[in-house]
Amino acid sequence: MKMDSDLNRFHKIVRGKIKKELRKFIANGELLGRQGGKTISIPLPRIDIPRFQFGQQQRGLGQGDGEVGDPLPGQPSSGQQQAGDREGEKALEVEVSLEELADILGEELSLPRLEDKGTKNIEAVQHKYTGIFKQGPESLRHFKRTFREALKRAIISGTYNEQAPTIVPIKDDRRYRSFRTVRKPETNAVVIYMMDVSGSMGEEQKQIVRLTAFWLDTWLTRQYTGLERRYIVHDAVAREVDQDTFYRTRESGGTLISSAYQLALSLMEKDYPPAIWNIYLFHFSDGDNWSGNDTTECLNIMNGNILPKANLFSYGQVESRYGSGQFLRDLEKNFHGQEKVALAKIKDRDAIIGALKVFLGRGH
Amino acid sequence: MHGFDTKLTDEINFFVQELEQAARDAGLEPCTTIFELVDYKQLNEIAAYLGFPTRYPHWRFGMEYERLAKSYTYGLAIIYEMVINNNPCYAYLLRANDLVYQKTVIAHVYGHCDFFQKNYWFSKTNGKMLNQMANHGTIVRSLINEIGHDKVESFLDCCLSLENLIDIYAPFQTKTKKKDDHTAEEINITDDELKLDAKSYMDTYVNPKEYIARKRKLLEEKHSKDPLLDSKTNERDVLNYLLCHAPLQDWEWQLLDIIRAEAYYFAPQAQTKILNEGWATYWHSKMMTKLYPLSAAEIIDYCDHYAGVVASVPGQLNPYKLGVELLRHCERRWDEGRFGLEYLNCTDPKVRKLWNKNTQQGQTKLFEIRKIHNDVSFIDAYLDEDFCYEQKMLIYDYDRNRGKYVISSREFAEVKRKLLDQLTNVGNPIIAVKDGNFRNRSELLLVHEHSGQDLKQDFALETLKSLLRLWKRPVHLETRIEGVSKRISCSGSDHQIERI
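Chains as they are written, first to last, in my numbering: chain U, 2 to 365; chain H, 39 to 538.
The structure is reproduced here in structure tokens:
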């Protein structure tokens, strides 16, 4: 299609716009729920070539019934309609694949590609059709090459007749596709999301977690072909839930963070042998653990079992009115400078982007 | 022309011939019209290029294509017809349409083709525009190879941002400026004399056509006015002014020249939207119902379709409807003798209502209208109080308290004034170059002839930046903002607005 190159140029401009607006999208969560399968529809302000033109007018011409003073028919009945949205100002909706979005995120935050932790011993075997052989099964015969060979032979031997260009390949002309076996290291990754749902976590806090998780998901999906997700909620006890429940559960009661870590560990031990799996853990809480003892317990689980097996352990602390935020300080004290532990404070929505950078910026 | 077979089916071809004959018998004079049968993807592509198969590369065609493709997918809008003003005319039919639809479109297209040929406002457009557009494409593509895609594209963006700064009446003005003998002599020099010295085999490289064209243009401009006259002017063809006076590199000059040529080509279409669509609709409805009538079985589909074409949304005027109704109104008036002083001075509503002198001049009048009018003159001459009332025309305003648009007037004079306002200068503000040596510092001054409506300010600023890119010295625009005269100046990344 002739249009292709113009479309490409347009998409390039769109991509630039998305990049420019990305910080806004990350903070206001507008992209959540706009996901459809493998693409996401992104609302952008209309791209216009500026011209000298008249400003919006509130006055217009029409045709139809009604007395002077009557409202113009065909308007939405709610009185909340914004002035000036009758025409113009149509937003542009662009469909972007999640991979593309992840790439834009990566460029904007200058995120490194995640490094596979040495799981190269697990390999998947794939066949790639790369070469051409003179022998092979008929089912792999390369018609175009075969006929090209035959044509060459006919021309060289002088049997080619332009008036009746019949080409009959003989056995020597036949060409077959040949395959090569490639061993590709298999990369599997699992993300275990943990969230504190105790009474002190409010709606806004959960929304922040949700937004952060969305972008983490987008990035990790781009990096690994088969990304699995597990969700754990906890207050004083932990349980595994599905994604939907994860964001909706609201409990009251105390907080024992160790319960979640214990459960995460047992999931890891049961389903995800660290030799094959890249394991990412993200925990979100307001940092108000029940007791110092439990915090010690958490540190023990992490040091003893989780950290040696995981690629990354991230803790994001959202701020709530009730939380003391002590847990983050405890972790900072114990894991300062540790490569595998990423800690971030997510004060409000605007802080999400910073947290993403901390969590994903290490490249492993 | 396209990758796929766009030949008409025998059946459609038959109707094309029949309908062309019907159109000619009725007095239409379309030029040869070539129809092509395309699928919706091709049609969207063609429509995004405004009907031309080959144009210069630019991202906005891609944007338009995506918008069309989306609205087609969601069933929001289907392109009804696509025809280009060229000789021969090219028109596109959507393969998926049923036969009633095809016939209607064919008849409609013949209406347009006749209009392109016979309407005065189209008389200055290039009949070989299809070729010229393709040539523009070739020039831009080769400039892209030479200069780089990003540079060319961003310069095109600048030019396009100034695209509406043309004088739509310029092609119809005859130059009456006096030239003295000396200049006449200089201007009469031949192309050969304009050339730089070169060996014959190098001639096409040393003296490319564009170079000669540019030289000639500069020469003509130089002699069209007194060189000693000061820099003050009143040039509404701002693009031409830039071509003659802005410090442009050759490639920039070529691009601007292309944008200007295309802007002038498309101007008559914007100038005659109501009349042109009205004319085509008038004829397709006449052909489908009287001259080459559809069968009884087809007529319901046709009516359904026609209702869609002339449907009116309360907040907008539908050019198809307005045009066809006003034409019919004129036809009726001249058929029944409702014209002349006697009729106009008659104030008795009863007498007026029953007025019929059986003059039967309707058809003649319509052909006269199609020959000489554009939208502004058409509305100005024929939109009368009766029509305004019959068509339930209205003005609405936004009522802040109620948060709604409210009908504010049905007064004939107000409605007509508003409509003419909207159509003046095809809806663009009137802006002219006033001084090319403003403050004696080679700065450029444009003046907006304010007619009651302010400019969109953010756009005005961005446009000034484009202008600055071409002029390379500070640029200024005088306009009114909320009733106060102001001058917007742009001299780099910053701008200022001062009262004058």
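C-beta atoms are modelled at their ideal positions from N, C-alpha and C, and glycine is treated no differently. Quick caveat: nothing in here was measured; it's all calculated off a predicted structure.
In the DSSP assignment, Tyr130 of chain H forms a beta bridge with H:Glu74, H:Met120. When C-alpha distances from Leu106 of chain U are compared across U:Gly293, U:Ser201, U:Leu23, the shortest belongs to U:Leu23.
Ala151 of chain U counts as buried, since at least 16 other C-beta atoms from the protein chains shown sit within 10 angstroms of its C-beta.
Leaving aside the five residues that flank Arg376 of chain H on each side, the residues in its chain whose CB is nearer than 7 Å to its CB run, in chain order, Trp393.
8 Å or more divides the Cβ of Trp317 of chain H from the Cβ of Leu277 of chain H. The DSSP-derived three-state label of His96 of chain H is coil. Chain-order list of chain U residues neighbouring Ala498 of chain H: Phe53, by C-beta distance under 7 Å.
The alpha-carbon of Glu428 of chain H is positioned some 42 Å away from that of Gly100 of chain H. When 7 Å is used as the limit between beta carbons, Val69 of chain U is near these residues of chain H: Ile445, Ser446, Ser447, Arg448, in chain order.
Between Gly288 of chain U and Gly200 of chain U, the C-beta gap is not smaller than 8 Å, which leaves the two residues out of contact. For Met269 of chain U and Arg231 of chain U, the gap between their C-alpha atoms comes out near 10 Å. Of H:Leu499, H:Glu520, H:Ser523, H:Arg537, the smallest CA-CA separation from Leu200 of chain H is found for H:Leu499. Assignment of Asp437 of chain H by DSSP, reduced to helix, strand and coil, places it in the strand class. Where His150 of chain H is concerned, the enclosing alpha helix (DSSP H) starts and stops at 137 to 156. According to DSSP, residue pairing for Ile193 of chain U in a beta bridge involves U:Arg231, U:Leu282. The alpha-carbon separation between Arg176 of chain U and Val126 of chain U amounts to approximately 25 Å. Nearest neighbour of Leu132 of chain H by Cα position, chosen from H:Asn169, H:Asn123, H:Ile50, turns out to be H:Ile50.
Contact of Phe11 of chain U with chain H is assigned, a C-beta pair being separated by under 8 Å. What Leu73 of chain U touches in chain H, judged by beta-carbon distance under 9 Å, is Pro352, Gly353, Leu432, Tyr434, Lys442, Tyr443, Val444, Ile445, going in chain order. In the three-state reduction of the DSSP assignment, Asp205 of chain H falls in the coil class, being assigned neither a helical nor a strand state. Contacts with chain H at 8 Å (Cβ-Cβ) include Lys3 of chain U. Taking the Cα of Asn189 of chain U as reference, the smallest distance to any Cα among U:Gln206, U:Thr250, U:Ala276 is reached at U:Ala276. Selection H:Lys524, H:Pro68, H:Glu104, H:Lys162 evaluated against Glu83 of chain H yields H:Glu104 as nearest (Cα-Cα). Cβ neighbours of Thr92 of chain H within its own chain (closer than 7 Å, five residues either side excluded): Met171, Ala172, Gly175. Closest in C-alpha terms to Phe11 of chain U, from the list U:Asn29, U:Gln64, U:Ala28, U:Leu93, comes U:Leu93.
Residue contact check for Ser286 of chain U against chain H: no CB pair falls below 8 Å. Only residues of its own chain outside the window of five on either side were considered, and among them Phe193, Leu508 have a CB closer than 8 Å to the CB of Glu290 of chain H, listed in chain order.
When beta bridges are read from the DSSP output, Leu484 of chain H appears opposite H:Val471, H:Leu515. The stretch 257 to 264 of chain U makes no contact with the stretch 220 to 229 of chain U: fewer than 3 CB pairs, one atom from each, lie closer than 8 Å. When rounded, the separation of the alpha-carbon atoms in Gln140 of chain H and Thr70 of chain H is 18 Å. Bridge pairing for Leu508 of chain H: absent [DSSP]. For the stretch 197 to 209 of chain H, the set of positions with a beta-carbon nearer than 9 Å to some beta-carbon of chain U reads Leu198, Ser199, Leu200, Glu201, Asn202, Leu203 in chain order. At a Cβ-Cβ threshold of 8 Å, Glu315 of chain H and Pro357 of chain H count as neighbours. Put simply, the CB of Gln170 of chain H is far from chain U, with every gap to its CB atoms at 8 Å or more. Ranked by how close their Cα comes to the Cα of His284 of chain U, the residues U:Arg146, U:Val198, U:Gln136, U:Gln58 have U:Val198 in first place. For Pro44 of chain U, DSSP records a beta bridge to U:Glu94.
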